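Worksheet for the structure shown next.
Number of protein chains: 2
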Amino acid sequence: MKKNIFQQTAVSSESKGRTGLLTTTHGQIETPIFMPVGTQATVKTMTPEELKTIHTQILLSNTYHLYMRPGHDLVARAGGLHSFMNWPGPILTDSGGFQVFSLGPLRKITEEGVAFQSHIDGSRHFISPEKSVEIQNSLGADIIMAFDECIPYPADHEYVLHSVDRTTRWAKRCFDAHNRWDDQHLFGIIQGGIFHDLRQRSAEALLAMDFPGYGIGGLSVGEPKESMYDVLDHLIPQMPQDKPRYLMGVGSPDCLIHGVLRGVDMFDCVLPTRIARNGTAMTSMGQVVIKNAVHTEAFEPLDPNCDCYTCQNYSRAYLRHLFKANEILGLRLLTWHNLHFLLHLMKTLRQAITEDHLVETCRAFYLQYYGKPLEW
Amino acid sequence: MKKNIFQQTAVSSESKGRTGLLTTTHGQIETPIFMPVGTQATVKTMTPEELKTIHTQILLSNTYHLYMRPGHDLVARAGGLHSFMNWPGPILTDSGGFQVFSLGPLRKITEEGVAFQSHIDGSRHFISPEKSVEIQNSLGADIIMAFDECIPYPADHEYVLHSVDRTTRWAKRCFDAHNRWDDQHLFGIIQGGIFHDLRQRSAEALLAMDFPGYGIGGLSVGEPKESMYDVLDHLIPQMPQDKPRYLMGVGSPDCLIHGVLRGVDMFDCVLPTRIARNGTAMTSMGQVVIKNAVHTEAFEPLDPNCDCYTCQNYSRAYLRHLFKANEILGLRLLTWHNLHFLLHLMKTLRQAITEDHLVETCRAFYLQYYGKPLEW
Numbered sequence: 001m002k003k004n005i006f007q008q009t010a011v012s013s014e015s016k017g018r019t020g021l022l023t024t025t026h027g028q029i030e031t032p033i034f035m036p037v038g039t040q041a042t043v044k045t046m047t048p049e050e051l052k053t054i055h056t057q058i059l060l061s062n063t064y065h066l067y068m069r070p071g072h073d074l075v076a077r078a079g080g081l082h083s084f085m086n087w088p089g090p091i092l093t094d095s096g097g098f099q100v101f102s103l104g105p106l107r108k109i110t111e112e113g114v115a116f117q118s119h120i121d122g123s124r125h126f127i128s129p130e131k132s133v134e135i136q137n138s139l140g141a142d143i144i145m146a147f148d149e150c151i152p153y154p155a156d157h158e159y160v161l162h163s164v165d166r167t168t169r170w171a172k173r174c175f176d177a178h179n180r181w182d183d184q185h186l187f188g189i190i191q192g193g194i195f196h197d198l199r200q201r202s203a204e205a206l207l208a209m210d211f212p213g214y215g216i217g218g219l220s221v222g223e224p225k226e227s228m229y230d231v232l233d234h235l236i237p238q239m240p241q242d243k244p245r246y247l248m249g250v251g252s253p254d255c256l257i258h259g260v261l262r263g264v265d266m267f268d269c270v271l272p273t274r275i276a277r278n279g280t281a282m283t284s285m286g287q288v289v290i291k292n293a294v295h296t297e298a299f300e301p302l303d304p305n306c307d308c309y310t311c312q313n314y315s316r317a318y319l320r321h322l323f324k325a326n327e328i329l330g331l332r333l334l335t336w337h338n339l340h341f342l343l344h345l346m347k348t349l350r351q352a353i354t355e356d357h358l359v360e361t362c363r364a365f366y367l368q369y370y371g372k373p374l375e376w
Numbered sequence: 001m002k003k004n005i006f007q008q009t010a011v012s013s014e015s016k017g018r019t020g021l022l023t024t025t026h027g028q029i030e031t032p033i034f035m036p037v038g039t040q041a042t043v044k045t046m047t048p049e050e051l052k053t054i055h056t057q058i059l060l061s062n063t064y065h066l067y068m069r070p071g072h073d074l075v076a077r078a079g080g081l082h083s084f085m086n087w088p089g090p091i092l093t094d095s096g097g098f099q100v101f102s103l104g105p106l107r108k109i110t111e112e113g114v115a116f117q118s119h120i121d122g123s124r125h126f127i128s129p130e131k132s133v134e135i136q137n138s139l140g141a142d143i144i145m146a147f148d149e150c151i152p153y154p155a156d157h158e159y160v161l162h163s164v165d166r167t168t169r170w171a172k173r174c175f176d177a178h179n180r181w182d183d184q185h186l187f188g189i190i191q192g193g194i195f196h197d198l199r200q201r202s203a204e205a206l207l208a209m210d211f212p213g214y215g216i217g218g219l220s221v222g223e224p225k226e227s228m229y230d231v232l233d234h235l236i237p238q239m240p241q242d243k244p245r246y247l248m249g250v251g252s253p254d255c256l257i258h259g260v261l262r263g264v265d266m267f268d269c270v271l272p273t274r275i276a277r278n279g280t281a282m283t284s285m286g287q288v289v290i291k292n293a294v295h296t297e298a299f300e301p302l303d304p305n306c307d308c309y310t311c312q313n314y315s316r317a318y319l320r321h322l323f324k325a326n327e328i329l330g331l332r333l334l335t336w337h338n339l340h341f342l343l344h345l346m347k348t349l350r351q352a353i354t355e356d357h358l359v360e361t362c363r364a365f366y367l368q369y370y371g372k373p374l375e376w
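Chains X and F, in that order, are what the protein sequence lines are. If you use my numbering, the first sequence corresponds to residues 1 to 376, in order. If you use my numbering, the second sequence corresponds to residues 1 to 376, in order.
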């Protein structure tokens, strides 16, 4: 029924970092990987061809947003999300859980599911685990996610315990409702906040259901980064070697490095695209705020060590001009660069694992980017 | 000193339509041509490579805007406008006249030039004919324009007479101030409102100075289209065959057709890019407002007869979704299509002139686009 989709291909000898091959209906993915986010069936400012030039292997798109607009039925009639957005490669959709829980006072949670009002027009909706899977079946992504309860940080042990058990019951309902096992791989999501015993409880329950892959949810929600790394340190050794591990919503360079060192295979985050549109670039020397006056007459590229389209063709002075003048090309060029930067970082880490110098590579990158040593 | 830059290559036997070859430092241009506008050193939403794919031959950029931001000295230090914006092909800059005159109460005109306040920060500036040429020399475009007085419509005969004579005096000052005749071709601009005698007066004075090309200014400023066509009917026969004729600020399909039929060689306008960003596409069946509900489930391309990137890869339903969701990719895809549409129209007209069926081609296009016969 559901396939074995993941194969570990190399392991770092000094860390838990590993490479793998993830096989989906629309192509194979080399892990560890960062997934650019295309919330509304488009990675903001980018064409699919541009995403190809930076070697994007898989995109993430958001079920909540597509359900609200243009609607999953319309996407299905368009031939599914791949066809609708003209992206022939692998896609992952989230469950919509994170977004509806983020609606705050506009939503109400029961055992059955979540009632909420649209952020667009205030209309009333209800998403249950079954509904989330139905929507994701219509969208047709290669990897789909179980509908989980996403809780805020901080939350006390009892609250998180109840939430973990609900997430387990909802995962079972998603598992039973899923009807496209042949071409869509449903991942369970391990919750449990920062409590080791609850992460273990969640993992054991979900592993027993034998999903083809597992998300690690409820991190990067306000807790200290050390707490996130601590959870990964304890949780990942309990996860099976032959299933992909997806740390959800995480994408800053430091978290990518710490995640990869701990054995994470997949990441996603709006960070690189969002900060690009705010005029911040990730470079081999750290972040660059392009509007700063120091770049006024800087006729050198954003990053002298980068071979992306932006760095090969434009100066910092021109990029600064585009941002000062509110020109869309500026948003495009920084988005292009930032995604290239993170995807290139992941490629560097994969190669470092294969050649077994991951820790050394991480230390060198970290020192260059943050100006201080990696704590490892 | 100044070169002979234009050669007429074919003439329509039933109209004044003609093809020609315009030679500039950065390449040859086949006319008649539409020039996409890159106001702030970027054609909004487009990369230079994308402009190449739609066979853009020459861009227009705005002296006023570049003078205000980032400043012509900075552009010069960047190696000139071609280098700054990464566009290796021909560029034309306007004189800044039209923009400063459009500032209304923020500007004051004297014989010496125009004093005005910046639309960005309110700072005070003065542009004279000499200053306009100095700025344009710094920017380094292939074709630069004389600083002229742009008057509103309607204006009475006496007012226009004085304005025409001032424009003539200013043209002479521009001519004398220009110091890059070897690689920048300075065009004079014929004014005169809708008065035939004043257009003739302006033309005679400027032709006597022997510019390498001529703009036709002060049209499409509120007068009826018939008045514009009437001016062209009378003016163009007085213009030399061996100099390019540039109808400034005009770019709707009907005006392009009527202009070409009357012997115009060059056009520019923000129309195709501006309406694209508002969600309006030019198609072989006329205008399409992409947000309209009728396109909700329209899985066919914007224009079935178009081979642009947008029409080859995306449905109307997807484009509508992008606009409803305020996604930048929507602005890109409609801009790309509209510019392709107008540049393709110009190519069709050039071919029709060469094959001597211009009027027939114009009639067929017009009927299809506007749903009514061309008046010719």
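Positions of the beta carbon are idealized from the N, C-alpha and C atoms, including for glycine. Quantities reported herein were computed from a predicted structural model and do not represent experimental measurements.
C-beta contact flag for F/Pro212 and F/His185 at 7 Å: For the purposes of this step, residue 212 of chain F is taken as the residue at position 212 of the second sequence. For the purposes of this step, residue 185 of chain F is taken as the residue at position 185 of the second sequence. Yes, the pair counts as a contact, with Cβ atoms nearer than the cut-off.
Taking all protein chains shown into account, decide if X/Arg169 is buried (16 or more other Cβ within 10 angstroms of its Cβ) or exposed. As a working mapping, residue 169 of chain X is identified with position 169 in the first sequence. Result: exposed.
For F/Gln287, does the three-state DSSP call read helix, strand or coil? Position 287 of the second sequence, counted from the start, is the residue given in the question as residue 287 of chain F. Strand, per DSSP.
Contact defined as beta carbons within less than 8 Å: I believe X/Asp142 pairs with X/Ile91. What is the distance between those atoms, to the nearest angstrom? As a first step, residue 142 of chain X is located in the first sequence; it is residue number 142 there, counting from the start. As a first step, residue 91 of chain X is located in the first sequence; it is residue number 91 there, counting from the start. Rounded, the Cβ-Cβ distance is 6 Å, consistent with contact.
Quick one: which residues of the region 309–341 of chain X get their C-beta closer than 7 Å to a C-beta of chain F? List them in chain order. Asn313, Tyr314, Ser315, Ala317, Tyr318, His321, Leu322, Lys324, Ala325, Glu327, Ile328, Leu329, Leu331
I'd like to know whether the C-beta of X/Ala379 is nearer than 7 Å to at least one C-beta of chain F. Coverage of chain X is limited to positions 1 through 376, which leaves residue 379 of chain X absent and any answer about it impossible.
Is there a C-beta anywhere in chain X that falls below 7 Å from the one on F/Gln7? In the second sequence, the residue the question calls residue 7 of chain F occupies position 7. Judged by the 7 Å Cβ criterion, F/Gln7 is not in contact with chain X.
For X/Leu343 and X/Thr310, the rounded distance between their alpha carbons: In the first sequence, the residue the question calls residue 310 of chain X occupies position 310. In the first sequence, the residue the question calls residue 343 of chain X occupies position 343. Near 15 Å, if we compare the C-alpha coordinates of X/Leu343 and X/Thr310.
Check X/Gly6 in the structure and name its three-state DSSP category. Looking up residue 6 of chain X in the first sequence gives position 6. The sequence given here has Phe at residue 6 of chain X, not Gly. Residue state, collapsed to three classes: strand.
Given F/Ser61 as reference, the closest of F/Pro152, F/Glu297, F/Ile135, F/Gln28 once Cα atoms are compared: Along the second sequence, read from residue 1 onward, the residue named residue 61 of chain F stands at position 61. The shortest Cα separation from F/Ser61 among F/Pro152, F/Glu297, F/Ile135, F/Gln28 belongs to F/Ile135.
Going by DSSP in three states, F/Val37 sits in which element: helix, strand or coil? Here residue 37 of chain F corresponds to residue number 37 of the second sequence, with the count starting at 1. It is a strand residue.
Counting along the chain, where does the alpha helix (DSSP H) carrying X/Gly97 start and finish? The residue labelled residue 97 of chain X in the question sits at position 97 within the first sequence. X/Gly97 -> alpha helix (DSSP H) spans 97–101.
Alpha-carbon spacing of X/Asp210 relative to X/Ser13, whole angstroms: Residue mapping note: residue 210 of chain X aligns to position 210 of the first sequence, counting from 1. Residue mapping note: residue 13 of chain X aligns to position 13 of the first sequence, counting from 1. Computed Cα separation, rounded: 28 Å.
Leaving out the 5 sequence neighbours to the left and right, which residues in its chain are closer than 7 Å to X/Phe323 when beta-carbon positions are compared? Translated into positions along the first sequence, residue 323 of chain X becomes position 323. The residues are Gly279, Ile290, Lys291, Gly330.
Tell whether a beta-carbon distance below 7 Å holds between F/Ala298 and F/Arg277. Locating residue 298 of chain F in the second sequence gives position 298, where the first residue counts as 1. Locating residue 277 of chain F in the second sequence gives position 277, where the first residue counts as 1. No.
Checking the sheet assignment: what are the DSSP bridge partners for X/Tyr214? Counting from 1 along the first sequence, the entry for residue 214 of chain X is found at position 214. Answer is X/Gly188, X/Arg245.
Per the contact definition of three or more C-beta pairs closer than 8 Å, is the region 260–276 of chain X in contact with the region 228–237 of chain X? yes
Expected contact under 8 Å - CB spacing of X/Gly97 and X/Cys150 to nearest Å: Position 97 of the first sequence, counted from the start, is the residue given in the question as residue 97 of chain X. Position 150 of the first sequence, counted from the start, is the residue given in the question as residue 150 of chain X. With 8 Å as the limit, X/Gly97 and X/Cys150 qualify as a contact, their Cβ atoms being about 5 Å apart.
Can you name, in chain order, every residue of its own chain whose Cβ lies under 7 Å from the Cβ of X/His196, other than the five neighbours on each side? In the first sequence, counting from the first residue as 1, residue 196 of chain X sits at position 196. So the list reads His234, once near-sequence residues are dropped.
Could you tell me whether any Cβ in chain F is nearer than 7 Å to the Cβ of X/Ala281? For the purposes of this step, residue 281 of chain X is taken as the residue at position 281 of the first sequence. With 7 Å as the cut-off, X/Ala281 does not count as an interface residue toward chain F.
Closer than 8 Å is the cut-off here; do at least three beta carbon pairs connect the region 45–61 of chain X with the region 339–359 of chain F? no
C-beta neighbour in chain X for F/Ala78, strict 7 Å: Position 78 of the second sequence holds residue 78 of chain F. Taking Cβ atoms only, chain X reaches closer than 7 Å to F/Ala78, which makes this a yes.
Any chance you could list the alpha helix (DSSP H) runs of at least 4 consecutive residues sitting entirely within the region 143–192 of chain X, in chain order? 157–177
Would you report the Cα separation of F/Arg124 and F/Gly215, rounded to the nearest angstrom? Taking the second sequence and counting its residues from 1, one reaches residue 124 of chain F at position 124. Taking the second sequence and counting its residues from 1, one reaches residue 215 of chain F at position 215. For F/Arg124 and F/Gly215, the distance between alpha carbons rounds to 29 Å.
Let me know the secondary structure DSSP gives X/Gly222 once reduced to three states. In the first sequence, counting from the first residue as 1, residue 222 of chain X sits at position 222. Reduced to three states, the DSSP call for X/Gly222 is coil.
Pull up the CB-CB distance for F/Ser132 and F/Met68, whole angstroms please, since I reckon it's below 8 Å. As a first step, residue 132 of chain F is located in the second sequence; it is residue number 132 there, counting from the start. As a first step, residue 68 of chain F is located in the second sequence; it is residue number 68 there, counting from the start. Their Cβ separation, rounded to whole angstroms, is 13 Å, which puts F/Ser132 and F/Met68 out of contact at 8 Å.
DSSP state of X/Ile58 mapped onto helix, strand, coil: Walking along the first sequence from the start, residue 58 of chain X turns up at place 58. Here X/Ile58 sits in coil by DSSP.
7 Å is my cut-off, CB to CB: does F/Asn86 come that close to chain X? Within the second sequence, the letter at position 86 stands for residue 86 of chain F. Judged by the 7 Å Cβ criterion, F/Asn86 is in contact with chain X.
Enclosing alpha helix (DSSP H) for X/Leu92 [first to last residue]: Along the first sequence, read from residue 1 onward, the residue named residue 92 of chain X stands at position 92. Not the alpha helix (DSSP H): X/Leu92 falls in the beta strand (DSSP E), residues 91–93.
F/Gly188 versus F/His178, F/Asp182, F/Asp176, F/Ala171, residue with shortest Cα-Cα distance: Along the second sequence, read from residue 1 onward, the residue named residue 188 of chain F stands at position 188. It is F/Ala171 whose Cα lies nearest to the Cα of F/Gly188.
With 16 other Cβ atoms within 10 Å as the buried cut-off, status of F/Met239: The residue you call residue 239 of chain F lines up with position 239 of the second sequence. Buried, by the Cβ-count rule.
Using 8 Å for Cβ pairs, my map puts X/Leu129 next to X/Gly113. What's the rounded Cβ distance? As a working note, residue 129 of chain X is residue 129 in the first sequence. As a working note, residue 113 of chain X is residue 113 in the first sequence. The residue you asked about is not Leu; residue 129 of chain X is Pro in the sequence shown. That belief holds up - the Cβ atoms of X/Pro129 and X/Gly113 are roughly 7 Å apart, short of 8 Å.
Closest by CA to X/Lys225, which one among X/Tyr246, X/Ile194, X/Arg201, X/Ala208? What you label residue 225 of chain X is simply residue 225 of the first sequence in a count that begins at 1. Closest by alpha carbon: X/Ile194.
Report the option in F/Ala281, F/Ser252, F/Arg274 whose CA atom is closest to the CA atom of F/Phe267. Counting from one through the second sequence, the residue named residue 267 of chain F turns up at place 267. Residue F/Ser252 is the option with its Cα nearest to F/Phe267.
Between F/Thr45 and chain X, is any beta-carbon pair separated by less than 7 Å? As a first step, residue 45 of chain F is located in the second sequence; it is residue number 45 there, counting from the start. Taking Cβ atoms only, chain X reaches closer than 7 Å to F/Thr45, which makes this a yes.
Please report the straight-line C-alpha distance between F/Tyr366 and F/Tyr229, rounded to a whole angstrom. Numbered from 1 along the second sequence, position 366 holds the residue referred to as residue 366 of chain F. Numbered from 1 along the second sequence, position 229 holds the residue referred to as residue 229 of chain F. Distance between the alpha carbons of F/Tyr366 and F/Tyr229: 16 Å.
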